[in-house]
Structures are given as C-alpha cells and as structure tokens.
Amino acid sequence: MKMKTSDNIPVSAAQQEYVRKIKKNHILIRVYQLLIFICFLFLWEYTAKNGIINAFIFCCPSKLFTTMMDMLKDGSLLHHIGITLYETLAGFAIVIAGSLIIATLFWWNKTLSRVLEPYLVILNALPKSALAPVLIVWLGANKTTIIVCACSVAIFGSILNLYTGFTSVDADKIKLIETLKGSRFQCLKLVVLPGSIPNIISIMKVNIGLCLVGVVIGEFLAAREGLGYLIIYGSQTFKMSNVLLSIVILCVIAMLLYTILQYFEKKLSEYF
C-alpha cells in the first residue's frame, strides 16, 4: 500500500522504510548521547565519593545540585545568569549590527576596504584578553567595559567574514542589474544581502559563542556579578562547587543560544 503526502504524491514502501530508518537512527543517537552523559555523571559521583579523585577539588554532581538549589533559593544564581545573558546578548547585537554596516561600507567602497582591511586582520589576530585591562583603565570596571570586551572578541573576524561573503556573491547577477541601469543599492538589496543570508546566519552562530567568551573574560577582571565573577571568586575562595556549577551553566547557555540560532536558520531557509 502506498501513502500520499500533503501534495498527493504517492510514497513507496521503500521510501517509507528509508524514513523509518532515518528516524530510528536519530533516536538511537540521542539515546547513546544520553547514556554517555549519565555514565559520566555516575563515574564522577562514584570516584569522588570513594576517594579515587579529590572531592574537594573536583567536587561531585550531588554537591553541584545542592549548591544550585541553595543559590536558587536565595535568588543569587538567577541574578548572575541574567547579568551574563544581558551582557552577551547586548554584545552580540552590537557585533551583528556593526559588522553588517561596516562590511556593507567595505563592499560599497573598494578603496575603503583596501585601506582598512590590513588593520582589521591585525586586530583580529590580537589576543583579546590583552585588551581587557586596557579597556578597564579607559572605561572603568562596569557593564559597558564587559560588553565592549565581548564585542572586541567577535567583531573584527565577523567584519572580515561578512565582507568576504559579500564579494563572493554571483557576479553575473550584479552585472545584469548594472547592465539594466540598476543602482549600487539595488545590487545590494536584490543580490548581495539575499545571497549572503546563509553566511550571515553561520557567522551569527559563531559570534554568539565568541561574545559569551568575551563576557566571561570581562567578568573575570571587571565585575562583581555574573557567572564569570562567580568562577573567579569561587577559585579565589576555594568554593569549587561554585566554579564548576558556573562552568556547567555557561555550557548550557551556549548550547541553548546555538539551538535558538539553528531554529532561526531553519525558519529562514523556508523563505530563501
């Protein structure tokens, strides 16, 4: 018996079997991932409880859970998470907007891009942790410094990658518009930006992680709140449960932000 899709196209038994195999394989992958994670937690807890590893230094999952519940009760954990999220998203928004504007200017004016591109390459290669102390002196120990630190980690590479993507679009389409007396703005609107959407989304997925890294670097040096502050304060006071809990939460935040952008990418792909 043959099934039919929503477009009334018959689906063969072989196709149905192939789809079932794909779904089964996907489920198996998720199961294996979950089992590996559970085994890791079990081994971590077992080795810490039985003295195989130093429980004071490496802590254990049960201790992390207790610490998390205590910090949730007094509201401090959500406060620190909220601060880090705010700084990350603010830096991410600035990076994306600034990168698009500057990359567009570079595409529009070739002379400008040739003059400034070497400086961007140098700034992109510069270790951003070296800039953080300078930013603190210039701007003070506040949220602005941390957001600027997050931007500095991502923006230079983002501009270069976007500009490269803009110059790699279909040149024949641009020539066609110019032949028909189309303006530079029409080339940008009709060809360059629509043709660069997959590249823009890919760069966004990279930048969200870089901005989170930049925020944590800034919080190490110039904060009294946030997950980065919890890590550095916990290491100084030997509260390793705070340190490891903050690292775990940062991993979860990075995963969630990346997943949101993947969903956004999937939705956009339906229109382009």
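In the working numbering, the protein residues as written are 4 to 275. Every residue, glycine too, gets a C-beta built ideally from N, C-alpha and C.
- The beta carbon of Ser-244 sits closer than 7 Å to the beta carbons of Cys-62, Lys-66, Leu-67 and Thr-70 from its chain, once the five residues preceding and following it are set aside; these are given in chain order.
- Between Pro-136 and Leu-224, the beta carbon gap of about 7 Å places them in contact (Cβ cut-off 8 Å).
- If you draw a 10 Å sphere on the C-beta of Val-140, you find fewer than 16 other C-beta atoms in it, and that means exposed.
- No Cβ-Cβ contact shorter than 8 Å links Lys-176 with Ser-155.
- With contacts defined by Cβ atoms closer than 8 Å, Leu-264 and Met-207 form a contacting pair.
- Listed in chain order, the non-local C-beta contacts of Ala-144 below 6 Å within the same chain comprise Ala-225, local neighbours out to five positions each way being set aside.
- Ala-153 and Val-218 do touch by the CB rule: their CB atoms are close to 5 Å apart, below 8 Å.
- Shown here for Ser-116: same chain residues with a beta carbon closer than 7 Å to its own, the five before and five after excluded, namely Phe-109 and Tyr-166 in chain order.
- Counting along the chain, Ala-58 sits inside the alpha helix (DSSP H) bounded by residues 58 to 61.
- Leu-163 and Leu-92 have their alpha carbons spaced roughly 21 Å apart.
- The beta carbon of Thr-240 is closer than 7 Å to none in its chain, skipping five residues each way along the sequence.
- With a cutoff of 8 Å on beta-carbon distance, Thr-148 and Leu-138 are scored as near each other.
- Annotated three-state conformation of Lys-178 is helix, per DSSP.
- With contacts defined by Cβ atoms closer than 8 Å, Ser-102 and Ser-161 form a contacting pair.
- Using a Cβ distance threshold of 8 Å, Ile-235 and Ile-250 do not count as a contacting pair.
- Secondary structure at Thr-240: coil, using DSSP grouped into helix, strand and coil.
- For the set Ala-100, Lys-192 and Ile-56, the Cα lying nearest the Cα of Trp-111 is the one of Lys-192.
- For Ser-205, the enclosing alpha helix (DSSP H) begins and ends at 200 to 225.
- Sequence-distant Cβ neighbours of Val-98 in its own chain, meaning closer than 7 Å and more than five residues away, are Cys-154, Ala-157, Ile-158, Ser-161, Asn-210 and Cys-214.
- About 7 Å separates the beta carbons of His-82 and Glu-228, which is inside the 8 Å limit, making them a contact pair.
- The stretch 88 to 171 contains, as complete alpha helix (DSSP H) runs of 4+ residues, the segments 113 to 128, 135 to 142 and 146 to 170 (chain order).
- The Cβ atoms of Val-172 and Val-151 do not sit closer than 8 Å to each other.
- If you look at Ser-65, you'll find it in the alpha helix (DSSP H) that goes 64 to 76.
- Boundaries of the alpha helix (DSSP H) harbouring Glu-20: 16 to 52, taken from the DSSP string.
- Cβ-Cβ separation between Leu-44 and Pro-64: approximately 5 Å, consistent with a contact (criterion under 8 Å).
- Counting every other CB atom within 10 Å of its CB across the protein chains shown gives Val-34 a total below 16, marking it as exposed.
- Burial is judged here by how many other beta carbons sit within 10 angstroms of a residue's own beta carbon; Leu-230 has at least 16 and is buried.
- Note on geometry: alpha-carbon atoms of Arg-187 and Glu-181 lie some 8 Å from one another.
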